[in-house]
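Numbering of the sequence shown is given in the working numbering, commencing with residue 198 and proceeding in unit increments.
Cβ atoms here follow ideal geometry from the backbone N, Cα and C, with glycine treated the same way.
All figures in this text were calculated on a predicted structure; none of them were measured in a lab.
What follows is one structure encoded as structure tokens, with my remarks underneath.
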Amino acid sequence: MSSLNLVDLINAAGIPLDNLLVIRHSFNKKETSTIWDKNDRSNFYEYQSIQPTADFFKNKKYILSFIADGKTHSRFVGCFEIVGLYPASKVERLPSFPNQDYYDRPGHIYFKMELSDYMKDLIDRLVIDWGAGTIGYVQYSLAALQKKTVVSIYPDSKHVFPGYNRVVWDFTTMQEYLTHSDQYEEIANALKEVYAIYLVVDSQTGKYYVGSAYGKDGLFGRWLTYANTNGTGGGSKTDEEGNKGVVEYLKENPKAYLNFQYSILEVIHKTGINEKDIQATLEAEKVWKQKLCTLKTSWGLNRN
198 MSSLNLVDLI
208 NAAGIPLDNL
218 LVIRHSFNKK
228 ETSTIWDKND
238 RSNFYEYQSI
248 QPTADFFKNK
258 KYILSFIADG
268 KTHSRFVGCF
278 EIVGLYPASK
288 VERLPSFPNQ
298 DYYDRPGHIY
308 FKMELSDYMK
318 DLIDRLVIDW
328 GAGTIGYVQY
338 SLAALQKKTV
348 VSIYPDSKHV
358 FPGYNRVVWD
368 FTTMQEYLTH
378 SDQYEEIANA
388 LKEVYAIYLV
398 VDSQTGKYYV
408 GSAYGKDGLF
418 GRWLTYANTN
428 GTGGGSKTDE
438 EGNKGVVEYL
448 KENPKAYLNF
458 QYSILEVIHK
468 TGINEKDIQA
478 TLEAEKVWKQ
488 KLCTLKTSWG
498 LNRN
């Protein structure tokens with residue numbers, strides 16, 4: 198039995214194959230790292246609309262848009278219909294768009310798009326395997342589309358990663374996501390992709406700890422340790438390892454971990470140069486400790 202592929206879904210939706218292409222956004226450059234926000238997609242829509250040439254979308258009418266979802270997986274975020282194109286410098290600018298220089302780059306075109314009803318029920322739920330050629334982020338040939346197999350169609354949106362700057366999870370939620378990563382694949386993949394500086398806060402007392410994640414599996418690996426040790430971050434639930442200040446705090450308040458809240462202060466995108474990435478993470482952690490005064494204060498749980 199052959200596996201379901203993207204063309205099967207396109208045909209089922211009734212979208213004309215000869216008048217569409219697919220695009221995959223990865224946001225792996227510093228200048229684009231803040232574009233994607235699951236809860237407010239206006240900047241993403243603007244980013245997708247501004248392109249370097251008038252023939253960027255090959256004169257197609259429909260765009261199936263995907264975002265990178267770990268390795269070669271890609272999540273569907275909408276079918277867009279192109280209804281017009283204009284010089285980017287002539288359109289009304291979106292004030293919140295972080296890359297204002299895009300409007301003024303020579304030759305840049307603004308493609309006016311509308312979110313189509315085609316495949317609308319699959320937004321945020323459909324995940325495909327883009328294949329090995331992720332560098333080819335715009336594709337439209339039938340052969341290329343047939344190779345894009347369906348990985349998952351999730352039943353609801355709770356499995357969708359909200360974006361790094363939107364992560365604010367209590368201990369129970371964090372533990373659920375990380376210890377059941379097979380059910381929350383997108384969340385797990387997103388956390389594995391990056392190193393990070395994070396904040397752990399006792400929501401009842403206001404005491405907090407600033408930590409860094411730069412080991413195997415990035416932030417996922419570090420937070421999984423917390424999930425498995427009732428918040429100490431050590432090797433087991435009972436040992437003396439882990440974050441010293443947090444361990445001391447939990448000895449005095451054994452159930453306080455149930456009040457812990459986890460959030461991300463800063464993301465360090467991996468460059469492939471491990472020593473450089475680790476150093477960048479440690480330097481960022483030091484700055485955040487200074488900003489939040491976590492050392493030698495009554496509210497800070499850092500000890501070094």
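Between N240 and V407, the alpha-carbon positions lie close to 30 Å from each other. Each residue's CA atom was taken as its position, placing G428 and A387 some 21 Å apart. Secondary structure at Q336: strand, using DSSP grouped into helix, strand and coil. Among the bridge pairs identified by DSSP, T369 is matched with none.
Here I475 really is in contact with Y411; their C-beta atoms are around 5 Å apart, less than 8 Å. Counting along the chain, F277 sits inside the beta strand (DSSP E) bounded by residues 270 to 284.
Taking C-beta atoms under 8 Å as the contact rule, L455 and Y337 fail to qualify, at a distance of about 51 Å. Using a Cβ distance threshold of 8 Å, D234 and G360 count as a contacting pair. With 16 or more other CB atoms across the displayed protein chains lying within 10 angstroms of its CB, S262 is buried. Counting C-beta pairs with one atom in each stretch, the stretch 291 to 300 and the stretch 308 to 316 have fewer than three that are closer than 8 Å, which means they do not touch. According to the DSSP assignment, F241 belongs to the alpha helix (DSSP H) that extends over 239 to 246. For the stretch 204 to 238, there is no continuous alpha helix (DSSP H) assignment of 4+ residues that stays within its boundaries. Annotation for E311: the continuous beta strand (DSSP E) segment containing it runs 306 to 312. In this structure, DSSP gives E463 an extended state, which the three-state scheme calls strand.
In the structure shown, the three-state DSSP call for G415 is helix. Remark: C-beta atoms of I279 and F308 approach each other more closely than 8 Å. The stretch 209 to 226 and the stretch 442 to 450 do not touch, with fewer than 3 CB-CB distances between them shorter than 8 Å.
Between L416 and Y405, the CB-CB gap reaches or exceeds 8 Å. If you check the CB distance, N225 and H466 come in under 8 Å. For the set S293, D326, G304, the Cα lying nearest the Cα of K287 is the one of G304. Between L498 and V443, the C-beta gap is smaller than 8 Å, which places the two residues in contact. In its chain, beyond the 5 residues on either side, V204, I207, N208, L339, L342 have a beta carbon closer than 8 Å to the beta carbon of L214. It is roughly 12 Å from the alpha-carbon of S400 to the alpha-carbon of S460. In the DSSP assignment, A481 falls outside any beta strand (DSSP E) and within the unbroken alpha helix (DSSP H) covering 471 to 489.
Partner residues in the beta bridge of L261, as assigned by DSSP, are V219, C276.
Relative to the Cα of W420, the nearest Cα in the group Q380, E383, F368 belongs to F368. When rounded, the separation of the alpha-carbon atoms in G328 and I220 is 13 Å. Membership of V364 in any alpha helix (DSSP H) is not indicated, and neither H nor E is assigned to it by DSSP.
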